[in-house]
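The structure under discussion appears below in the form of structure tokens.
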Amino acid sequence: MDTFSKRNYIIIGIFILTGLVFVIRLFSIQILDPVYKVYATNNVLREVVQYPARGLIYDRNDNLLVYNKPAYDLMITPREMADFDTMYLCNLLDVSKDEIIRNIELAKDYSYYKPSVLVKQIPPETYAILQELIYKYNGFHTQSRTLREYVYSAAAHLLGYVGEVSREDMDRESYYSMGDYIGQSGIEKTYESWLRGKKGINKYLVDVHNRIKTSFLDGEENIPPVTGSNLTSTLDIDLQLYAETLLQNKRGSVVAIEPSTGEILALASAPAYHPGLLAGRIRSRNYSMLLSDTLKPLFNRALQAEYPPGSTFKVLNVLVGLQVGAIGTDTYFSCSGPASYPIRCTHDHVSPLNAVQAIRESCNPFMWNTFRSILYKYETSAEGYNIWRDHVMNFGIGRRLGIDINGESAGSLPNESYYNNIYGKGHWNAMTVRSLAIGQGELGITPLQLANYAAAVANRGYYYPPHVIKSIDMGEIDNTFRIRKYVGISTEYFEPAVQGMEDAVRPGALSHIPGIAVCGKTGTAENPHGSDHSVFMAFAPKDDPMIAISVYIENGVWGARYAAPIASLIIEKYLTDSISDNRKWLESRMIEANLLNPYQPK
Amino acid sequence: MEITQSKIFKGDRVLWIVLMLLSLLSLLIVYSSTGALAYRQASGNTWYFLIRQVFFLGAGFGLMLVMVNFLSVRIYSVLANLLIYISIGLLLVTTILKFAGLLQGTGRTLDLGFISFQPAELAKISLIMYTARVLGKNQGTRGQLKKAFIKIISHTVVICGLIFLSNFSTAALLFATIFTMMFAGRISLKYLFIVILLGMTIVAGAYIAADRFPDAPARIHTVKGRIDRFIKGDPNSEKGITQADYAKLAIYEGGIFGKGPGHSNVSNYMASAYNDFIFAIIVEEYGLIIGIMVMFLYLIFFFRSVVIVRRATRTFPAFLVTGLTVLLVYQAMINIGVSTGVLPVTGQPLPWISLGGSSLLFTSVAFGCILSVSYQNQINRETQKPAVQVNMPDEDYEMHK
Ligand SMILES: [Zn+2]
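First to last, the sequence lines map onto chains A and B. If you're matching positions, the first sequence starts at 1 in the numbering used here and goes up one per residue. If you're matching positions, the second sequence starts at 1001 in the numbering used here and goes up one per residue.
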């Protein structure tokens, strides 16, 4: 047709010309361009990932807690692999033949030409022998890794552990690839992005025998790994060790906070385990062992256990009563002892009594009257309850405090609708929920929340969110840890409460430390599954608080029996660095006590 | 060239053979790439991509067979007017969704729930059909040609402009295709020069705008970056080997006969080895000879299309085949050019070979159109020997009057 004009021949010409240009270009790349001769075809470019050393973790006094030790992974590249002496390798590396065969199959499934891990985390001693043999085995090479190593057998829950990344981790963050390690819990998890550093890459040319011939382009393309940042923990490792010693053969927890900063000084959960159990090749075996242990060592009681606060809660009820004007410092309520209604009082004391005396004596009728006055001060019980509940919540109870380690539980502080559902709206009042007055009932509070509440009382009205990291090399900790949280109670109302707490730790009590003004409150948490739990919260010294503490001892029967003496020993240790001679007997009695049987004599 | 007519594979038999050879190569390449790709994208399911490619190739062949056997070429002339406005609508929707932040990713793909595809793929074919129709109807006088030019250029600017917002290279490719069609369609050289000048001004404007206004749309910065890299060299090349370098390494290492299927090492270091640089991997695994043969397959396709155009008795089919062929061959040229380092790095697949999704189906629609025209030619030759020289204006024009 005539539309097939001269112009079409121009188009055809251009296409043919382009084709010619491409052919010439292909030949020139293959024959003329000298650059690519550098990569001789026999040499294979191998990228070896350089794993950075993970950041170290120190305690607040610069004692090293966590460091790294070298380990090696044996890698295979299936395409380069030749037959080898399987039995010898199995014996040397202490792995079964089945495992080797299975891993080789997995490696082939993954890729023929990319290296996969055959045996993980070979210790340095074995590596030395392996290194001398490896050139005999085609397709094998090693890469160096690091494993976590712990100086002290302590703070396992808090430090956490590292493990291999999961598929979800890899999907979430492209930084990770198969076989990388990632913090799985505790500080290792929260501060993963600081601790991990940055992987590097070394490029090598290897010959047909898999021997590294040269560095690729003289190493110009290598990317050196960046070591992870070191962390300084708020922990006092001596105090932590001491707390864990006191907790041995018991179930329970100790949380100690520096009130002026919110820094966690000790966070112990018993039973505990050696942190090294969850590092290296033995990790998965040990993990399932710990998981099946009936004493639940993996359960971090300090953050996750919810107990009724018991009488320790009475200080808070008095504070709320004073703040809303339901009671005054001059308010007296009478107590008829065991004949009191609706809550009996088992303590033998003066009557009538005021707030200071009531806290000292832990008087139930006083607390009932205070609680009732708070709720009846408002138009409806529900309104009064909500105001009471807001005040309680301000202390960090019934919600997460946002500590920088995972697994924190919110505890339980029922809201209005919870009672509406049970009793019907308008059909419940202070009487119905009276057990809240003495810290029983539906309340659930974690040891961390109890310690934080003690810190807020110590500070007379505010706290810093509790945290476990003090500083990061070349980094900053989260600013929220540096902002005061006010609990909404005037400073003046803390005086009677603190006075009551000081009086409660009177000379003669096991928790009394001569020369140190300890303010504390015992509690007994009802336990339907065995003997009641022993609870104590305290801070000291009274006028310049250095430490706030909560101690829970499961099945410890009375607060004064175990929790209070243990707390006083920890306070004494922290403030004076030793235990005075006339309290040594108490120390050994606490260490030796074995409460693993949930039924203890009253 | 006398070729006997098949019962089902109607149309140019050489073209069918070219497509089957390309399919074979496609499966081989996809199979050898499964190790790397499947692991990265489909959780180690090594057969996933092969099965997927077989499915799409099969669907493509099915589509072409349906078009050749059941659809008349005239339908496309009628459809052209409808499809072009659907395309503009879909491109607008995608663009709006993208800027409203409702689309994830690059903003190129529209997900309709049951199917997701790139509106640009539909726009490419509909704009070519539209251009072929307008050119076909207005071959008579200078005045008609001017009218055709105005119609074509206005639609092209809208569509290419919308595509440009998410994909520069596709917009440029389509623009070049339409430009070539207008060149073949006897549009005055004066107008075409004006278009070239305007185009250069826009690209230069975008380049300068990227400097002046750091807040300008990201796409403009991408364009500037690519131009800079091609002219001044990749700033990354000081830190590490670029993908373009690896592509050349792959071609070098392939040698005359290649390393054999599945034995590409270089692809391990390239993120888009199996899309933008697939030609380089073909040379690495199958060697220079096969690489040149792949190029020849596209050239054979091109020359068969030239024959089809020459034999076409009407103007619309002739321009349609010209446009679709030019589009696909340009696309192939871009991929080969990028792989060999002749062109700046940009993402155009190798038609019919690269890992395909819905885009492969659009490619098969293009081939289906070309095959339909060649089948039409064969029928015409049988029924009206000798070929009738048709006077302008042609039948299509009258048909729609
Ligand atoms: Zn009493």
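Glycine included, each C-beta is placed from N, C-alpha and C at the ideal position.
Below 6 Å, is the gap between the Cβ of residue i and the nearest heavy atom of ligand 1?
| i | result |
| --- | --- |
| Pro365 (chain A) | yes |
| Cys519 (chain A) | no |
| His347 (chain A) | yes |
Taking 7 Å as the CB-CB cut-off, is residue i touching chain B?
| i | result |
| --- | --- |
| Asn8 (chain A) | yes |
| Phe371 (chain A) | no |
| Ala40 (chain A) | Caution applies to Ala40 (chain A), whose pLDDT of 41 falls short of 50 and renders its modelled position unreliable; the value that the coordinates give is listed next. With 7 Å as the cut-off, Ala40 (chain A) does not count as an interface residue toward chain B. |
| Leu17 (chain A) | no |
| Ile29 (chain A) | yes |
| Arg281 (chain A) | no |
| Arg172 (chain A) | no |
| Phe22 (chain A) | yes |
Between the options, which lies nearest to residue i when the distance is taken from Cα to Cα?
| i | options | result |
| --- | --- | --- |
| Met75 (chain A) | A:Arg60, A:Asn63 and A:Val48 | A:Val48 |
| Glu258 (chain A) | A:Arg506, A:Phe481 and A:His529 | A:Phe481 |
| Gly163 (chain A) | A:Ala154, A:Val151 and A:Ser177 | A:Ser177 |
| Leu1145 (chain B) | B:Ala1204, B:Ala1184 and B:Gly1011 | B:Ala1184 |
| Leu1127 (chain B) | B:Leu1371, B:Leu1320 and B:Ile1292 | B:Leu1320 |
| Val255 (chain A) | A:Val226, A:Gln440 and A:Leu239 | A:Leu239 |
| Leu413 (chain A) | A:Ile422, A:Gly402, A:Gly407 and A:Asn386 | A:Asn386 |
| Arg1052 (chain B) | B:Gly1357, B:Gln1376, B:Lys1259 and B:Thr1363 | B:Gly1357 |
| Ala355 (chain A) | A:Arg344, A:Asn369, A:His347 and A:Gly461 | A:Asn369 |
| Ala455 (chain A) | A:Ser260, A:Ser336 and A:Gly488 | A:Ser260 |
| Ala1250 (chain B) | B:Met1067, B:Thr1340 and B:Phe1301 | B:Thr1340 |
| Thr294 (chain A) | A:Ser578, A:Arg283, A:Ala302 and A:Ala272 | A:Ala272 |
| Tyr486 (chain A) | A:Leu205, A:Tyr453 and A:Tyr378 | A:Tyr453 |
| Thr331 (chain A) | A:Ser253, A:Ser340 and A:Phe366 | A:Phe366 |
Grouping DSSP H, G and I as helix and E and B as strand, with all else coil, what is residue i?
| i | result |
| --- | --- |
| Cys519 (chain A) | strand |
| Ala154 (chain A) | coil |
| His529 (chain A) | coil |
| Met501 (chain A) | helix |
| Pro648 (chain A) | Residue 648 (chain A) cannot be examined here, being either before or after the span of chain A that is shown, 1 to 602. |
| Thr446 (chain A) | coil |
| Phe395 (chain A) | coil |
| Ile237 (chain A) | helix |
| Arg506 (chain A) | coil |
| Ile489 (chain A) | coil |
| Asn68 (chain A) | strand |
Tell whether a beta-carbon distance below 7 Å holds between residue i and residue j.
| i | j | result |
| --- | --- | --- |
| Tyr493 (chain A) | Leu265 (chain A) | no |
| Lys470 (chain A) | Arg60 (chain A) | yes |
| Arg145 (chain A) | Tyr51 (chain A) | yes |
| Phe1179 (chain B) | Cys1160 (chain B) | no |
| Met1181 (chain B) | Gly1323 (chain B) | yes |
| Leu1028 (chain B) | Pro1349 (chain B) | no |
| Val1073 (chain B) | Val1373 (chain B) | yes |
| Leu26 (chain A) | Leu1288 (chain B) | yes |
| Ala1171 (chain B) | Ile1163 (chain B) | yes |
| Thr78 (chain A) | Ala107 (chain A) | Reading off the sequence shown, one finds Pro at residue 78 (chain A), where the question assumed Thr. Taking 7 Å as the Cβ cut-off, Pro78 (chain A) and Ala107 (chain A) qualify as a contacting pair. |
| Gly139 (chain A) | Glu80 (chain A) | yes |
| Ser531 (chain A) | Ile553 (chain A) | no |
| Gly228 (chain A) | Arg196 (chain A) | yes |
| Ser185 (chain A) | His274 (chain A) | no |
Against chain A, does residue i count as a neighbour if the rule is that its beta carbon must be under 7 Å from one of theirs?
| i | result |
| --- | --- |
| Tyr1252 (chain B) | yes |
| Lys1248 (chain B) | yes |
| Val1342 (chain B) | yes |
| Ala1332 (chain B) | no |
| Ile1292 (chain B) | yes |
| Ala1171 (chain B) | no |
| Leu1192 (chain B) | no |
| Ile1353 (chain B) | no |
| Leu1082 (chain B) | no |
| Ile1208 (chain B) | no |
(request) Please name the residues in the stretch 1292–1321 of chain B whose beta-carbon is closer than 9 Å to at least one beta-carbon of chain C, in chain order. (result) In the structure shown, chain C does not exist; the protein chains are A and B.
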